[in-house]
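Undergrad: First the structure, which I've put down as structure tokens, then a few questions once you've had a look.
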Amino acid sequence: MKCKKIRSTGFTLLESMICVLLIMVVVGAVFSQMRKAQASYRVEGQKVDLTQQEREFIDQFARDLRQAGYPGPYTVGVIPPVPLNDVRISAGVTAISPNSLTLEGDLDNSGKVQIVTYSYNNSTNFPCPCIQRTVATKDGILAPATYTEVQNMVDPGAQGIFLAYDANGNAQPGLALTLPAGATTKDANYLQLHQIKSVRVTFTLQGQSRELNGSTPIQVTMTAMGRIPND
Amino acid sequence: MTFRRKAGQNSQRGVAMLVAMLAVVLLAIIGLGFIFMAETENSVNNSYKDAQKSYFASRSGLENVRLLLIAPDPKTGAGAGPLYNQATNLVMPVALNPPGQTGVLYVENPTGAGDTIDPTTAAGATLIQNPTLDNELCLEQFTGMVNLLPPPAGAPCEAKTGGQGLPAASTYFQPVTPATNPGMIMNTNSALALPFKWVRITNKQNKMLTGQHVDSTQADGLQVCWDGSTQHVIPVGSTCLGTPSLASQSMRPVWLLTSLAVTPSLGRNGGSRRITQMEIANSPPITPNSPIATQAPVKLQGSYVLNSYDNCTCTCTTSGSGSSTTTTCGGAGCYNQAYAVETAGGVNTVGSSGQTISGQPSPYLTGVNPWPFDIDGLINQFKQQSSSPNWSSSCTGTQNFNSIPPQYLSCGTQSSQQFGTYPSGLPTEPSPGSYTSVTEYIPGSVKLTSAANGSGILIVDGDLEINGGLNWYGLVLVRGKVSFTGGAGQSVNLYGSILAGEDVLAVNNIDGDTFGGSINFHYDVCALKRSGQQVPPRILATHEITF
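Shown next as structure tokens:
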């Protein structure tokens, strides 16, 4: 039998075009998925960043609360009622409102009582709206320095950021108190502020990008409860 | 039949393999990225979890040891915490403790025999070699602990104390490690033990960790004691129990508890190490130096007997009758230094039928300034011990201690109230088991009639009016004004003291506390010392040590 020699010299134009089309479809599908994956990566990455920012803030906040009230009025030899403007003494939480909290404590064992204020700044100039932390020494030697802790916050609305709880776990919504100048441990506001044993902080941060649906901005909400161990 | 292809003919030189490999590589990169992110997240979470775990374990160590330092029951003198005596006998930490004296106690909490806890051996050690090393003691700057071993380069003590170093066993102080068991520390010596490794107990010294002084007029290394409301510095060679802050009120040592917790490292998780600290002290019994101690002025009127000889240590005999009655007190060890009345104001006596029996040249101590009792603090402290909160339902009105005049709840008129039991056989001191002592908190002003009676601490968070007798063994603690104008002819109405606070309107004797009308008070130190409940040491301050 004589075999006829078939010559395969290449694809026809049609075959090539079909091939190219198929490749384009496949690659298009792959890239489409990759784009989604990339978008998802970007969104999730930003959420991770926001979460991390919130965690760091909460860690800082919880540490400050734990140090609040040290060294307290009973650690020095002053007969009660103890004047709370004594720079050696930390009065613990000295002011609270839904959007701000001020406390005193020797935060770094430096021997100096520091005054720390957490406050919501609703300015629209980036990085705000934000929560800022202002630190100064009680003796006035170090002037107040303000740092932005978390940025691009969502307006907390009427419920605010901070919520106080007493020793029995009862919430005190809307509590707004400030220790007056010259107060002592007998002051009514001090006694009421002294009832605060925990503070819950709740806030939402907003990213620069949008969710995968393209319309909703990326937001991460975090809430945490910090205890004040000093009596 | 076979067909052979020529080399190079029909060779499939497409890009499918290449595309597939590229896709695989891309997917691998994305996958690795996700794994890396997850790993990072995991690390952050584990680190945070470990930090929290060790912080709270450290706090739990403080709380655990605090319970081991509970003072004996004030009534029976029994039931002290297992470490109470050892801690009470601590001396200030010094370089070489005198034989038999201890300055530093370590309460250890191993997870088993293989868990070596060594807080004091520092020679050449680093925290990596020995994570349980006490590298905080040197920060405390105990003045008696000098010439410590030089710390390793970069150790925190080196920078902060200018050379004061880490401890080394038996070279300059004698660390003592009391034996503990699971009854004292839950799950100790087992794998379930909490990860706090040790809690160090020392006395507090005048110069604190932060460099602050309790009393800047006193030397740095002196011991600090607690009198129930204020810390005091005592002289060298003194003890808190032996150094009264007031004439008759003893003090208790302020203890500094320092707790280390270490969570183990697992794989890439490095573990966490946290140190927390707490100042605690047992509160001594409140013992005013008089049967009547008030911040407001005092008016004594009509018939009254105020005997300031301590019923517990003195023997009194009465002779004569009627207006010629004479009482004489004395005996070996008789405490006769109390006053009939001590007040931040003055004393106004009306009439001549009153009698004071006192060993002091003047029975009245007036104008006491500063007033040594923190009435508000004492009420807040002792009302926590009250076991009878039912009074709240009997009281009406609103409370505002800061208004002028202060507003108290009104708890009405209560007759024949019984608070625990009043001991029988007085003036002979009763045995602890023969009566029931309570801490009773009345949350507002009250009028007690028809011979209320009992023992312990009666707290009135308002004004107190008594008419128609009272039999009380212990302390009566009143926030506001006292009007005790009807003793009902009872032989003795009060063994102990009545301690009353300031009435902001009491600018003269008329507005002050009034006593009279056949009342009979007898000062009694034992009654005062046996009052109150057995409670854990009070937390004066706590914080985390960061360095």
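So the sequences go chain by chain: A and B. Residue 1 is where the first sequence starts when you use our numbering, and the numbers rise one by one after that. Residue 232 is where the second sequence starts when you use our numbering, and the numbers rise one by one after that. Yeah, the Cβ is synthetic: ideal placement off N, Cα and C, and Gly gets one too. Quantities reported herein were computed from a predicted structural model and do not represent experimental measurements.
1) Count the other C-beta atoms from every protein chain shown that fall within 10 angstroms of the C-beta of residue 509 of chain B, then say buried if there are 16 or more, exposed otherwise.
2) Does residue 489 of chain B have its Cβ less than 9 Å from a Cβ in chain A?
3) Note down, in chain order, all residues in the segment 620 to 652 of chain B with a beta-carbon under 8 Å from any beta-carbon belonging to chain A.
4) Hey, does residue 18 of chain A have any beta-carbon neighbour from chain B nearer than 9 Å?
5) At which residues does the beta strand (DSSP E) containing residue 434 of chain B begin and terminate?
6) Who are the Cβ neighbours of residue 62 of chain A in its own chain at under 6 Å, not counting the five residues just before and after it?
7) Check each residue of the segment 57 to 80 of chain A: if its Cβ is closer than 8 Å to any Cβ of chain B, include it; give the result in chain order.
8) Give me whichever residues DSSP pairs with residue 696 of chain B in a beta bridge.
9) Tell me whether the beta-carbon of residue 521 of chain B lies closer than 9 Å to the beta-carbon of residue 573 of chain B.
10) Skipping 5 residues on each side, what residues in its chain have a beta carbon closer than 6 Å to that of residue 239 of chain A?
11) Please give the ranges of any beta strand (DSSP E) in the segment 327 to 372 of chain B, keeping only runs that are unbroken, at least 3 residues long and fully inside the region.
12) I'd like to know whether the C-beta atoms of residue 720 of chain B and residue 532 of chain B end up nearer to each other than 9 Å.
13) In the DSSP assignment, find the unbroken alpha helix (DSSP H) run with residue 266 of chain B in it and report its ends.
14) According to DSSP, is residue 49 of chain A part of a helix, a strand, or is it coil?
15) Out of A:206, A:81 and A:10, point me to the one whose CA is closest to residue 124 of chain A's CA.
16) Which chain A residues sit within Cβ distance under 9 Å of residue 598 of chain B?
17) Could you compute how far the alpha carbon of residue 282 of chain B sits from the alpha carbon of residue 506 of chain B?
18) Considering only their Cβ atoms, is the gap separating residue 93 of chain A from residue 196 of chain A smaller than 9 Å?
19) Could one say the Cβ of residue 114 of chain A lies closer than 9 Å to chain B's Cβ atoms, at least one of them?
20) Nearest-angstrom Cα distance between residue 387 of chain B and residue 80 of chain A?
21) Give a yes or no on whether the C-beta atoms belonging to residue 188 of chain A and residue 631 of chain B are separated by under 9 Å.
22) Does the beta-carbon distance from residue 297 of chain B to residue 658 of chain B come in below 9 Å?
23) Which bits of chain B does residue 108 of chain A rub up against, with CB to CB less than 9 Å?
24) Which of the three DSSP states is assigned to residue 41 of chain A in this structure?
25) Residue 704 of chain B lies in the beta strand (DSSP E); which residues open and close that run?
26) Should residue 393 of chain B be labelled buried (16 or more other beta-carbon atoms within 10 Å of its own) or exposed?
27) For residue 574 of chain B, report the span of its beta strand (DSSP E) as first-last.
28) Quick check on DSSP: helix, strand or coil for residue 59 of chain A?
29) How should residue 159 of chain A be labelled, buried or exposed, when 16 other C-beta atoms within 10 angstroms of its C-beta is the threshold for buried?
30) To which residues of the same chain is residue 687 of chain B closer than 6 Å at the C-beta, ignoring the five residues directly before and after it?
31) For residue 66 of chain A, which residues of its own chain have a beta-carbon under 8 Å away from its beta-carbon, when the five flanking residues on both sides are left out?
32) Among all the DSSP beta bridges, which residues are the ones paired with residue 530 of chain B?
33) According to a CB-to-CB cut-off of less than 7 Å, which residues of the segment 444 to 476 of chain B neighbour chain A?
34) If the cut is a Cβ gap below 8 Å, which residues of chain B does residue 180 of chain A touch?
35) Under three-state DSSP, which class holds residue 609 of chain B?
36) Using a Cβ-Cβ cut-off of 9 Å, state whether residue 45 of chain A counts as contacting chain B.
TA: Concretely, from the data shown:
1) Counting Cβ neighbours within 10 Å, residue 509 of chain B comes out buried, since at least 16 surround it.
2) Interface flag for residue 489 of chain B against chain A is unset, since no Cβ pair is found closer than 9 Å.
3) Result list: 631, 632 and 633.
4) For residue 18 of chain A, the answer is no, since every Cβ of chain B falls outside 9 Å of its Cβ.
5) Taken as a continuous stretch (DSSP letters only), the beta strand (DSSP E) holding residue 434 of chain B covers 427 to 434.
6) Taken in chain order, the residues that qualify are 226.
7) Correct list: 59, 63, 66, 67, 69, 70, 71, 72, 74, 75, 76, 77, 78, 79 and 80.
8) DSSP lists B:678 and B:714 as partners of residue 696 of chain B.
9) Going by C-beta atoms, residue 521 of chain B is nearer than 9 Å to residue 573 of chain B.
10) With chain A covering only 1 through 231, there is no way to say anything about residue 239 of chain A.
11) Listed in chain order, the complete beta strand (DSSP E) runs (minimum 3 residues) inside the segment 327 to 372 of chain B are 336 to 339.
12) No.
13) 247 to 299 is the span of the alpha helix (DSSP H), which, as asked, contains residue 266 of chain B.
14) For residue 49 of chain A, the three-state secondary structure derived from DSSP is helix.
15) Distances from the CA of residue 124 of chain A to each of A:206, A:81 and A:10 were compared; the closest alpha carbon is that of A:206.
16) Those within 9 Å of residue 598 of chain B in chain A number zero; the least Cβ separation is about 16 Å.
17) Roughly 11 Å between the two C-alpha positions.
18) At the C-beta level, residue 196 of chain A and residue 93 of chain A come within 9 Å of one another.
19) Not closer than 9 Å to any Cβ of chain B, the Cβ of residue 114 of chain A fails to qualify, so no.
20) Residue placement at residue 387 of chain B is poorly supported in this model, since its pLDDT is 47, which falls under 50; the coordinates still yield a value, given next. Each residue's CA atom was taken as its position, placing residue 387 of chain B and residue 80 of chain A some 36 Å apart.
21) Yes, the pair counts as a contact, with Cβ atoms nearer than the cut-off.
22) At least 9 Å separates the beta-carbon of residue 297 of chain B from that of residue 658 of chain B.
23) Within 9 Å of the CB of residue 108 of chain A, the CB atoms of chain B belong to 777 and 778, in sequence order along the chain.
24) Secondary structure at residue 41 of chain A: helix, using DSSP grouped into helix, strand and coil.
25) The continuous beta strand (DSSP E) containing residue 704 of chain B extends over residues 701 to 709.
26) Any reading at residue 393 of chain B must be qualified, since the residue scores a pLDDT of 49, below 50, and its modelled position is unreliable; no value is offered.
27) Taken as a continuous stretch (DSSP letters only), the beta strand (DSSP E) holding residue 574 of chain B covers 572 to 574.
28) The DSSP-derived three-state label of residue 59 of chain A is helix.
29) Only exposed fits residue 159 of chain A, as fewer than 16 other CB atoms lie within 10 angstroms of its CB.
30) Contacts found: 651, 668, 669, 670, 705 and 762.
31) If we look at residue 66 of chain A and ignore the five residues flanking it on each side, its Cβ neighbours are 226, 227, 228 and 229.
32) Under DSSP, the beta-bridge partners assigned to residue 530 of chain B are B:579 and B:745.
33) Listed in sequence order: 445, 446, 460, 461, 462, 463 and 464.
34) Within 8 Å Cβ-Cβ: nothing; residue 180 of chain A doesn't reach chain B, min ~11 Å.
35) Shown here, residue 609 of chain B sits in a helix according to DSSP, grouped into three states.
36) Under the Cβ distance rule, residue 45 of chain A counts among the residues neighbouring chain B, one pair being separated by less than 9 Å.
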